[in-house]
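Data block below; observations after.
4 protein chains.
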Amino acid sequence: MATQGAGSVVAKRGPGRPRSEKARKAVIRSTLHLINQVGFNDLTIEAVAARAGVGKATVYRWWPNKAELVIAAFVSAVEEELRFPSTGPVLESIHEQMKRWAQIFRSPLGQIVATVIGAGQSQPEILEAFRRHWIEPRRLEARRLLRQAMESGEIRSDIDPDTALDLFYGPLYLRLMIRHAPLDTPFVNEVFNVVKPVLRANSGSSGSE
Amino acid sequence: MATQGAGSVVAKRGPGRPRSEKARKAVIRSTLHLINQVGFNDLTIEAVAARAGVGKATVYRWWPNKAELVIAAFVSAVEEELRFPSTGPVLESIHEQMKRWAQIFRSPLGQIVATVIGAGQSQPEILEAFRRHWIEPRRLEARRLLRQAMESGEIRSDIDPDTALDLFYGPLYLRLMIRHAPLDTPFVNEVFNVVKPVLRANSGSSGSE
Amino acid sequence: MATQGAGSVVAKRGPGRPRSEKARKAVIRSTLHLINQVGFNDLTIEAVAARAGVGKATVYRWWPNKAELVIAAFVSAVEEELRFPSTGPVLESIHEQMKRWAQIFRSPLGQIVATVIGAGQSQPEILEAFRRHWIEPRRLEARRLLRQAMESGEIRSDIDPDTALDLFYGPLYLRLMIRHAPLDTPFVNEVFNVVKPVLRANSGSSGSE
Amino acid sequence: MATQGAGSVVAKRGPGRPRSEKARKAVIRSTLHLINQVGFNDLTIEAVAARAGVGKATVYRWWPNKAELVIAAFVSAVEEELRFPSTGPVLESIHEQMKRWAQIFRSPLGQIVATVIGAGQSQPEILEAFRRHWIEPRRLEARRLLRQAMESGEIRSDIDPDTALDLFYGPLYLRLMIRHAPLDTPFVNEVFNVVKPVLRANSGSSGSE
DNA sequence: CAATAATCGAGACGGTACGTCACGTCTTCTT
DNA sequence: AAGAAGACGTGACGTACCGTCTCGATTATTG
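Protein chains in written order, with numbering that gives the first Met the number 0: chain D, 0 to 208; chain G, 0 to 208; chain W, 0 to 208; chain P, 0 to 208.
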């Protein structure tokens, strides 16, 4: 490495004024505020820039489109809540995580998640960004845990980890998106309790048709 | 009253030129075509009207916004596929229905569903229309079937029918919306086979926490 | 009068419902009211019909465009004031007529005249209608009077009647349209008094250059 | 203060991109072209913008409505025109001027004058602008000349200069607006020759009624 | 007295232009 | 070079009227 001097790992920076951290934060804050006020669709870069006291071009310089901006804002808002609880039995970790998610989904952040997925339905790059910045990081860890549990015999190994995760989280996302029924703790518990036993080793659920 | 004679059931129509069925159909057709081409967000009333050979005002006269228009188009496209298969054991009916839905979800119609739910995330009236015209009619029938099955002892009765349906359909909707993994028949089967046994009578999965 | 029998000069009327005089009057009344409220430009057939309690098609059936309608309304409003005062010396008749016109021009009816001429500047058919229904009928009579006066030796005969009329009325129309100075009786008198002597026989004003 | 140095008279300009002079000129040119083609009524901002190769919003940014735009175009079209020829006898100057005006009135500029007066009939601000930018500058000089001629005894002094000018120019404007007869040189001569003698000193035309 | 025919009010039709809004880019001066 | 400001060309929005049309209902004349 050492491009710049002894042990410098700092990313090379060209000449010119460096980007303003103040502006970046103002934009993120403005975005979070406005998306809670008006939702994703009615969120305009124009308004974000105005409220942040920032030029429109500054926004476009750093985020290529509304979705990346919103996801960045969202990620920055939930950064610290993301870690999977990685102690104890795997299934209990999942249960804990599900309850935490339900809580997030009920908060304004849940509306942002919903709104981003929603926007992703007609703008593939949004969905792609959502998967990359949100779904995959979490799945990676969850898959790893499930595999460990399969190897240790805690859960059966003839089921696809992704399918298992869809069983746990699908109902939660469904209620988040459709809002046809409350996304409360009893519901989360019931979902977990239904799916859990089937994952136990030697449950024998194979053989469709 | 009987102004008209015995049994006059003639649908009363107000004065003025009646609305043009031809125009209505042209608009619906144009909408379906365009939404498959460009998605919900980039669908413009302007383009719908132009392609239908219809004035913009005619579209606005009959559908208050893009969402109602798209839902009307969607409903008209799947009208005949909506009926729940109501013969045989309830669980098998559900399995059949799940497979049919997965098939629809994989078709262009699936994109419409996704896109409408997506738009609903930032426009409540869209989501409301989606629930009223799409979710509820189906749930009504499904709930009735589940209750019958509970009474007949086919499935346990200590589970909320809506929760049960969310368990079956949540994972399908999740893959429809997130597209992180294929929504194929093996997946549908696995979901069904995982959830099915827990619904059987005397499965005893209650009492978390 | 023998409307139907021998020697009927009454216009033959075919079968079918005859036009409604009530509707005609309502439209004219509505037009006069609205044109005084909003002027010619903002007058819409739609509003005229609505206020008259009449179908739009009924208006279009009888008047081909807004201008014809407005002129008809205007003519019907001033009908009785149109006759040229045909007694006494020709020049005095003209003086009388000028004073009467100035009075009309100062009233709301003057605004209608101005507005119609105005609209005629960008819509030839309006100007044409104005000339046919308004200018020409008056000029016809005035020209006839002037010719009589020429023959009787009251005024010189080496001047074009239309030019003479333009000399009398041009200044009045100018003040109607430009509004740069009042169109009052002293002004009318002065115009008349300036032009009058030149028309007298043996005034000898020919031969410019 | 003196931040800039002694005598800094640099026109302060705010931040932001300055307005495009090129766009301004293109819009004015396009307006003039189109108003000659289709008149005021059928002049659309849409077409003006399109022909100028400019966004509609740019037009609306600088001119609040069609009237202001037309006024600006009109003013820019006539600003270099028409100084009064001020040599020789006053009456001959007027004669010259009348002939020049007749010529202008027959040209495309005449159509613009007519069109602007026409539009002014339903939009007072246009008429006001017309008087300020067209009528008044010319009247000012003409009035001055007439007063000089009155003082020098060239013409009688018991007549209002504005009335005299209306007598000369009223017939010309009348034919410009009504188009009921040609606005040719013979006509101009006849008008001039009729009015001229009456203005001569000691003509004695006073005493109306 | 029925058939025919033109009218009526109502209001939907395919259009066009409106004036507004946000887009994403650009051009200026300032930091 | 990045910043705020704000003008630029673009294009869709939802609305208002245009002039035409299609209804059912009415009111005449004609056979």
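By construction, the Cβ of each residue, glycine as well, lies at the ideal position given by its N, Cα and C atoms.
Three-state secondary structure (DSSP) of residue i
i	result
Ile-158(D)	coil
Arg-178(G)	coil
Glu-78(P)	coil
Pro-17(W)	coil
Asp-165(G)	helix
Trp-62(W)	coil
Gly-4(P)	Low confidence applies to Gly-4(P): its pLDDT is 39, below 50, so where it sits in the model is not reliable, and the reading given next is rough at best. DSSP places Gly-4(P) in coil when its eight states are reduced to three.
Arg-12(G)	coil
Thr-86(W)	coil
Gly-109(P)	helix
Ala-72(G)	helix
CB-CB length for residue i against residue j, believed under 8 Å
i	j	result
Arg-50(W)	Leu-33(W)	6 Å
Ala-163(P)	Val-89(P)	Rounded, the Cβ-Cβ distance is 11 Å, inconsistent with contact.
Pro-160(D)	Arg-142(D)	5 Å
Ser-121(G)	Gly-117(D)	6 Å
Leu-182(W)	Phe-104(W)	6 Å
Ala-66(W)	Val-115(W)	6 Å
Val-194(W)	Phe-167(W)	6 Å
Ala-101(W)	Leu-171(W)	6 Å
Asn-64(W)	Glu-124(W)	7 Å
Arg-199(P)	Arg-155(P)	7 Å
Leu-173(W)	Gly-119(P)	Not quite, the Cβ-Cβ distance comes to about 13 Å (not below 8 Å), so this is no contact.
Ile-219(W)	Ile-177(P)	There is simply no residue 219(W) to check, as chain W begins at 0 and stops at 208 in what is shown.
Arg-68(D)	Thr-30(D)	One point to set straight first is that residue 68(D) is Leu, not Arg, in the sequence displayed. That belief holds up - the Cβ atoms of Leu-68(D) and Thr-30(D) are roughly 6 Å apart, short of 8 Å.
Ala-76(D)	Val-53(D)	Not a contact, Cβ separation roughly 19 Å.
His-94(G)	Phe-191(G)	5 Å
Residues that residue i bridges to, as DSSP identifies them
i	result
Arg-143(D)	In the DSSP output, where bridge partners are listed per residue, Arg-143(D) has none listed.
Start-to-end residues for the alpha helix (DSSP H) that takes in residue i
i	result
His-32(P)	20–37
Ile-134(W)	That residue, Ile-134(W), is in no alpha helix (DSSP H); it is neither H nor E in DSSP.
Thr-184(D)	184–198
Arg-50(W)	44–51
Glu-153(W)	That residue, Glu-153(W), is in no alpha helix (DSSP H); it is neither H nor E in DSSP.
Ser-121(G)	Here Ser-121(G) belongs to no alpha helix (DSSP H), and DSSP marks it neither H nor E.
Ser-92(W)	89–105
Distance cut-off 7 Å: residue i Cβ against heavy atoms of the ligand GDP
i	result
Glu-124(G)	By its list of ligands, the structure shown contains no ligand whatsoever, and the ligand GDP lies outside what it can speak to.
contact_flag[the segment 93–111 of chain G, the segment 121–135 of chain G] where n(CB pairs < 8 Å) is 3 or more | no
Using 8 Å as the Cβ pair cut-off and three pairs as the minimum, do the segment 23–32 of chain W and the segment 65–72 of chain W touch?
-> yes
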